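Enquirer: Have a look at the structure that comes next, please.
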Ligand SMILES: [Zn+2]
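In my numbering, the protein residues as written are 701 to 1004.
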């Protein structure tokens, strides 16, 4: 699945070829993506693509009359091709520009999206609910700690929540937690502010390094047969369950969290003793609630 670094590298890869160019045609080969591609997308013909931005994993193609939003879903990729390049299987959508270049979306599993947001209809409804971009100053020291706010959520699930911070997908959550020596099941209410700040810096470094590494694949965006965007990189834990930890040679273990795989080193990432006090209190409350209910019921029975 393309994660934030891949989408950012994609943005960098396609921008020089199509920015400030005028659209000459739009072709929808299969409108049935995650949501149907709306007819309004044809309205960009004769318009200039002013710039390409990214928010989270959305690519935002800005035109004077609105924004064309692309999402690559599970398996999507975009390429820059010469116009009239024959389409292959799973090529669902394409935009051709007056310099002869064509942006084409290929998506075998069709979980991706192509949507149109006219100027008057602000994208904010969709995007403001998202947490900050991890590579900006909005994602600063103190942010994770304040979002954690004594919640009893495993830190891995917490990091992958787009309302906390966007774009930290499964690969980079696994990798960042390994480097920070935090067990993925650690509840966020047991992580100190200092540790969260260290994790914040690590997330930024891991994502920036991935984007830098992906920079070497920029030329692939113009190769018809290339699979751009999904770059091989050095990973410490992701996809390596059963292999040895680079740090201590222990065997890496795997657990499932929110239906996603978490791989960690049992030696380097020790699960701290979770605060049991809160649990006991709530259990007590439940018992109390039951007793109260029972008493009330009895009373009711007595009355009748
Ligand atoms: Zn280890």
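For glycine and all other residues, C-beta sits at the position ideal for the given N, C-alpha and C. Owing to the predicted nature of the structure, the values given are computational and were not obtained by experimental measurement.
1) Tell me whether residue 967 counts as near ligand 1, meaning its Cβ is closer than 7 Å to at least one heavy atom of that ligand.
2) Can residue 702 and residue 757 be called in contact, C-beta distance under 8 Å?
3) Using three-state DSSP, classify residue 806 as helix, strand or coil.
4) Please state whether DSSP places residue 938 in a helix, a strand or coil.
5) Taking only the alpha-carbon atoms, compute the straight-line gap between residue 706 and residue 850 and give it to the nearest angstrom.
6) Decide if residue 894 is buried, meaning its Cβ has at least 16 other Cβ atoms within 10 Å, or exposed.
7) Using only the heavy atoms of ligand 1, determine whether one of them is closer than 7 Å to the beta carbon of residue 945.
8) If you drop the 5 nearest sequence neighbours on each side, which residues of the same chain put their C-beta closer than 7 Å to that of residue 716?
9) Within 8 Å, do at least three Cβ pairs link the stretch 898-913 to the stretch 868-879?
10) DSSP puts residue 854 in a beta bridge; with which residues?
11) Excluding the 5 residues preceding and the 5 following residue 978 in the sequence, name in chain order all residues of the same chain whose CB lies nearer than 6 Å to its CB.
12) When DSSP labels each residue in this structure, what does residue 717 get in the three-state scheme?
13) Given the structure, does residue 876 come close to ligand 1, in the sense that its CB is under 7 Å from one of the ligand's heavy atoms?
14) Taking the alpha-carbon positions, what's the residue 804 to residue 760 distance?
15) Does the stretch 791-809 come close enough to the stretch 768-778 that 3 or more CB-CB pairs lie under 8 Å?
16) Examine ligand 1 and report whether any of its heavy atoms sits within less than 7 Å of the Cβ of residue 950.
17) Using the three-state DSSP reduction, which class does residue 754 fall into: helix, strand or coil?
18) If you check the beta carbons only, do residue 871 and residue 709 fall under 8 Å apart?
19) How long is the line joining the alpha carbons of residue 897 and residue 834, rounded to whole angstroms?
20) What residue range does the alpha helix (DSSP H) around residue 873 cover?
21) I'd like the span of the beta strand (DSSP E) that includes residue 770, first residue to last.
22) So what's residue 711 in DSSP terms, helix, strand or just coil?
23) If you run the structure through DSSP and keep just helix, strand and coil, what is residue 893?
24) Look up residue 816 in the DSSP assignment and give the residues it is bridged to.
25) I think residue 831 touches residue 865, with their Cβ atoms under 8 Å apart; what is that distance to the nearest whole Å?
26) Rounded to the nearest angstrom, what separates residue 973 and residue 967 at their Cα positions?
27) Quick test of your reading: residue 783 and residue 856, contact by CB under 8 Å. State the CB separation rounded to the nearest angstrom.
28) Would the stretch 884-891 and the stretch 721-729 be scored as touching if the rule is three or more Cβ pairs under 8 Å?
29) Does the stretch 734-741 touch the stretch 799-817, meaning 3 or more C-beta pairs lie closer than 8 Å?
30) Can you look up residue 777 in the DSSP assignment and give me helix, strand or coil?
31) Between which two residues does the alpha helix (DSSP H) carrying residue 845 extend?
Expert: So, to answer that:
1) If you number the chain shown from 1, residue 967 lands on position 267. Yes, Cβ of residue 967 sits closer than 7 Å to a heavy atom of ligand 1.
2) Along the chain shown, read from residue 1 onward, the residue named residue 702 stands at position 2. Along the chain shown, read from residue 1 onward, the residue named residue 757 stands at position 57. For residue 702 and residue 757, yes; Cβs fall inside 8 Å.
3) Translated into positions along the chain shown, residue 806 becomes position 106. Strand.
4) Within the chain shown, numbered from 1, the residue matching residue 938 stands at position 238. In the structure shown, residue 938 sits in coil (DSSP, three-state: anything other than H, G, I, E or B).
5) Here residue 706 refers to the residue found at position 6 of the chain shown. Here residue 850 refers to the residue found at position 150 of the chain shown. Between residue 706 and residue 850, the C-alpha separation is close to 33 Å.
6) Working through the chain shown from its first residue, we reach residue 894 at position 194. Per the 10 Å Cβ criterion, exposed.
7) Along the chain shown, one-based indexing puts residue 945 at 245. Result yes, Cβ under 7 Å from ligand 1.
8) Counting from 1 along the chain shown, the entry for residue 716 is found at position 16. Once the five neighbours on either side are set aside, residue 716 has no close Cβ partner at all.
9) Yes: the two stretches touch, three or more of their Cβ pairs being nearer than 8 Å.
10) For the purposes of this step, residue 854 is taken as residue 154 along the chain shown, with counting starting at 1. 887.
11) Position 278 of the chain shown, counting from 1, holds the residue named residue 978. Bear in mind that a pLDDT of 47 at residue 978, under 50, signals an unreliable position, so the model cannot answer this.
12) In the chain shown, the residue the question calls residue 717 occupies position 17. Secondary structure at residue 717: helix, using DSSP grouped into helix, strand and coil.
13) Walking along the chain shown from the start, residue 876 turns up at place 176. Checking every heavy atom of ligand 1 against the Cβ of residue 876, none is found closer than 7 Å.
14) Position 104 of the chain shown, counted from the first residue, corresponds to residue 804. Position 60 of the chain shown, counted from the first residue, corresponds to residue 760. Going from the Cα of residue 804 to the Cα of residue 760 covers about 15 Å.
15) yes
16) By 1-based counting over the chain shown, the position of residue 950 is 250. Yes, since a heavy atom of ligand 1 falls inside the 7 Å radius drawn around the Cβ of residue 950.
17) In the chain shown, counting from the first residue as 1, residue 754 sits at position 54. In this structure, DSSP gives residue 754 an extended state, which the three-state scheme calls strand.
18) One-based indexing of the chain shown puts residue 871 at position 171. One-based indexing of the chain shown puts residue 709 at position 9. No.
19) Locating residue 897 in the chain shown gives position 197, where the first residue counts as 1. Locating residue 834 in the chain shown gives position 134, where the first residue counts as 1. Residue 897 and residue 834: Cα-Cα distance of roughly 13 Å.
20) Along the chain shown, one-based indexing puts residue 873 at 173. Start and end: 870-879.
21) For the purposes of this step, residue 770 is taken as the residue at position 70 of the chain shown. Note, residue 770: beta strand (DSSP E), 766-771.
22) As a working note, residue 711 is residue 11 in the chain shown. Helix.
23) As a working note, residue 893 is residue 193 in the chain shown. In this structure, residue 893 counts as helix in the three-state DSSP scheme.
24) As a working note, residue 816 is residue 116 in the chain shown. Answer by DSSP bridge pairing, in chain order: 768.
25) Stepping through the chain shown from its first residue, residue 831 is reached at position 131. Stepping through the chain shown from its first residue, residue 865 is reached at position 165. Contact flag correct, Cβ pair sits at about 5 Å.
26) Here the question's residue 973 lines up with position 273 in the chain shown. Here the question's residue 967 lines up with position 267 in the chain shown. Annotation: residue 973 to residue 967 spans about 15 Å, alpha carbon to alpha carbon.
27) Reading the chain shown from its first residue, position 83 is the one you call residue 783. Reading the chain shown from its first residue, position 156 is the one you call residue 856. Between residue 856 and residue 783 the Cβ distance is about 45 Å, and since that is not below 8 Å, they are no contact.
28) no
29) yes
30) Here residue 777 refers to the residue found at position 77 of the chain shown. DSSP places residue 777 in strand when its eight states are reduced to three.
31) As a first step, residue 845 must be located in the chain shown, where it is residue number 145. Here the alpha helix (DSSP H) through residue 845 covers 843-848.
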